[in-house]
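Enquirer: Here you go, one structure.
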Amino acid sequence: MNSDASADLSNEEMEVMLLPPEPIVPEELKFVEANPEAPENEPDRKDQYSFRAQQAADENPNEALLDAPSVDGEEDSQKIVQGAMEQVPPVTPGVYAPAVQPGEGEGTDGGKAGAEAAAMVPPAEPLPAPAFIQQKPVTEDGPGSSLETPGVGEEVVENPVPDAPINVYKPQPQTVEQQAQQEGDGSGGANVKPMPRARPTLSPDLIHGPLMRSEGSASRRGALAIDATFSEFGEYEQQFYAALQAGWYQEIEFFQPIDTSTRVVVRFRITADGVIHDVEILHTTASEIASLICQTALTKRSPFRPWTKEMVKVFGQERVLEVSFHYR
Numbered sequence: 002m003n004s005d006a007s008a009d010l011s012n013e014e015m016e017v018m019l020l021p022p023e024p025i026v027p028e029e030l031k032f033v034e035a036n037p038e039a040p041e042n043e044p045d046r047k048d049q050y051s052f053r054a055q056q057a058a059d060e061n062p063n064e065a066l067l068d069a070p071s072v073d074g075e076e077d078s079q080k081i082v083q084g085a086m087e088q089v090p091p092v093t094p095g096v097y098a099p100a101v102q103p104g105e106g107e108g109t110d111g112g113k114a115g116a117e118a119a120a121m122v123p124p125a126e127p128l129p130a131p132a133f134i135q136q137k138p139v140t141e142d143g144p145g146s147s148l149e150t151p152g153v154g155e156e157v158v159e160n161p162v163p164d165a166p167i168n169v170y171k172p173q174p175q176t177v178e179q180q181a182q183q184e185g186d187g188s189g190g191a192n193v194k195p196m197p198r199a200r201p202t203l204s205p206d207l208i209h210g211p212l213m214r215s216e217g218s219a220s221r222r223g224a225l226a227i228d229a230t231f232s233e234f235g236e237y238e239q240q241f242y243a244a245l246q247a248g249w250y251q252e253i254e255f256f257q258p259i260d261t262s263t264r265v266v267v268r269f270r271i272t273a274d275g276v277i278h279d280v281e282i283l284h285t286t287a288s289e290i291a292s293l294i295c296q297t298a299l300t301k302r303s304p305f306r307p308w309t310k311e312m313v314k315v316f317g318q319e320r321v322l323e324v325s326f327h328y329r
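Numbering (the working numbering), first residue to last: 2 to 329.
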């Protein structure tokens, strides 16, 4: 009996059905800051997004393998590469005008330039005095009664019109360089200089903050990178954090708080129209003014630009985010 039962079991067929993975809900998606220097490559991991797609890699992989690169940072952060502030070059004082006037053409950079201002004419030089004015000085003998015989005139001049203007001055010819320098401000005003380039204040790709602390290493060798998929919201979020950091630095420069080694964690809700709601401090070790600066920096960024259709499709009409501000 036992042999017959085992024979029957061995003849049975087993069917294995592989189910697709459960879809990731928006609450499980996490923003990480990708390395702009690493090559783009779509990772297997889909729960992390950024402004570009890349796979986790290490310059020197070790035996302790993880899904994150080895970074000697300070805390559980989303950053693997540090951003750098750029020195702002001083701008020479003067009057500047844009190359084009906004709103006069298609696109966001404006259209045709404004009308040129009236050309500035340099002071004219006087004409040489006419021959009849250049009289000889009176001699020591004084004037006499005899007249000198007039000679032949230098040129034949028609009788002038009594009311005609006398051409006393002539305009000075302009050089090519002077004509090129005389550019108006677009509205007939004074001469202006070309608009200088935008003043760089922060790297457009990375923000400044504490790095990730990772005990392991990625299995792939290459430039330091983290698993991240490209998302329009990742690009949006990166731009928002860069604008937020620039605004926070401006508030610090104005209020000059004396806090050091403190941290403020703020939670807020941003809706699809870019408006920020419910700014709330979750944790702070900073002073009252330093904490208020963080809230103000967030509220002044509202409204940010609206979401795209793809962002609304993935995240819905709103998203709750948390930001940590570190005073060094």
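Note that beta-carbon positions come from the ideal geometry of N, C-alpha and C, so glycine has one too.
For GLN257, does the count of other Cβ atoms within 10 angstroms reach 16, so buried, or fall short, so exposed?
Expert: Exposed.
Enquirer: When you compare only the Cα positions, how much space is there between TYR242 and VAL17?
Expert: TYR242 and VAL17: Cα-Cα distance of roughly 47 Å.
Enquirer: Just to confirm before moving on: does the CB-CB distance between ARG53 and ALA35 stay below 8 Å?
Expert: Contact: yes.
Enquirer: Nearest to ILE290 by CA position, among ASP279, ALA224, GLU254, ARG270, is which residue?
Expert: It is GLU254 whose Cα lies nearest to the Cα of ILE290.
Enquirer: From ARG320, THR309, PHE231, GLU13, pick the residue whose C-alpha is nearest to that of ILE277; which is it?
Expert: Considering only alpha carbons, the answer is ARG320.
Enquirer: So, for GLU60: in the same chain, excluding its five sequence neighbours on each side, which residues have a beta-carbon less than 8 Å away from its beta-carbon?
Expert: Closer than 8 Å at Cβ, skipping near neighbours: ARG222, GLY223, ALA224, LEU225.
Enquirer: So the beta strand (DSSP E) VAL313 belongs to, where does it begin and stop?
Expert: Segment 310 to 316 is the alpha helix (DSSP H) holding VAL313; no beta strand (DSSP E) there.
Enquirer: What residues match up with GLN55 in a beta bridge as DSSP calls it?
Expert: Note: GLN55 sits in a beta bridge opposite ALA229.
Enquirer: Where do the N-terminal and C-terminal ends of the alpha helix (DSSP H) with SER349 fall, by residue?
Expert: Here the chain comprises residues numbered 2 to 329, so residue 349 is not present and cannot be evaluated.
Enquirer: What residues are listed by DSSP as bridge partners for THR272?
Expert: Answer is GLU319.
Enquirer: In whole angstroms, what separates the C-alpha of GLU238 from that of SER262?
Expert: Straight-line Cα distance between these residues: approximately 26 Å.
Enquirer: Quick one, are the C-beta atoms of ALA39 and ASP228 less than 8 Å apart?
Expert: No, Cβ-Cβ distance for ALA39 and ASP228 is not below 8 Å.
Enquirer: By the DSSP assignment, the beta strand (DSSP E) with HIS209 in it spans what residues?
Expert: Neither: HIS209 is in no beta strand (DSSP E) and is coded neither H nor E.
Enquirer: Grab the span of the beta strand (DSSP E) containing ILE259 for me, first residue to last.
Expert: First-last for ILE259: undefined, no H or E at that position.
Enquirer: From LEU30 to ASP48, what does the alpha carbon distance come to, in whole angstroms?
Expert: Looking at the two C-alpha atoms, the distance is approximately 5 Å.
Enquirer: Leaving out five residues on either side along the sequence, give the residues of the same chain with a beta carbon under 7 Å from the beta carbon of GLU311.
Expert: These residues qualify, in order along the chain: GLU233.
Enquirer: Using three-state DSSP, classify PHE326 as helix, strand or coil.
Expert: In the structure shown, PHE326 sits in a strand (DSSP, three-state: E or B).
Enquirer: With distances taken Cα to Cα, identify the nearest neighbour of GLY235 among TYR50, THR272, HIS284.
Expert: It is TYR50 whose Cα lies nearest to the Cα of GLY235.
Enquirer: Just to confirm my understanding: we take LYS314, look at its own chain, exclude 5 residues before and 5 after, and list those with CB closer than 6 Å. What are they?
Expert: Excluding positions up to five away in sequence, the list is empty.
Enquirer: What's the gap between the Cα of GLN296 and the Cα of GLN251?
Expert: For GLN296 and GLN251, the distance between alpha carbons rounds to 13 Å.
Enquirer: Sort out for me which residues DSSP pairs VAL265 with in a bridge.
Expert: Note: VAL265 sits in a beta bridge opposite THR285, PHE326.
Enquirer: Cutting at 8 Å between CB atoms, please list the residues of its own chain near GLY248, excluding the five before and the five after it.
Expert: ALA298, LYS301, ARG302, listed in sequence order.
Enquirer: Just grab the DSSP bridge partners of GLN49 for me.
Expert: Looking at the DSSP assignment, GLN49 forms a beta bridge with LYS31.
Enquirer: In angstroms with no decimal places, state the Cα-to-Cα distance between PHE316 and GLU13.
Expert: Rounded to the nearest angstrom, the two C-alpha atoms are 47 Å apart.
Enquirer: Alpha carbon to alpha carbon, how far is PHE305 from GLU28?
Expert: Each residue's alpha carbon lies about 22 Å from the other.
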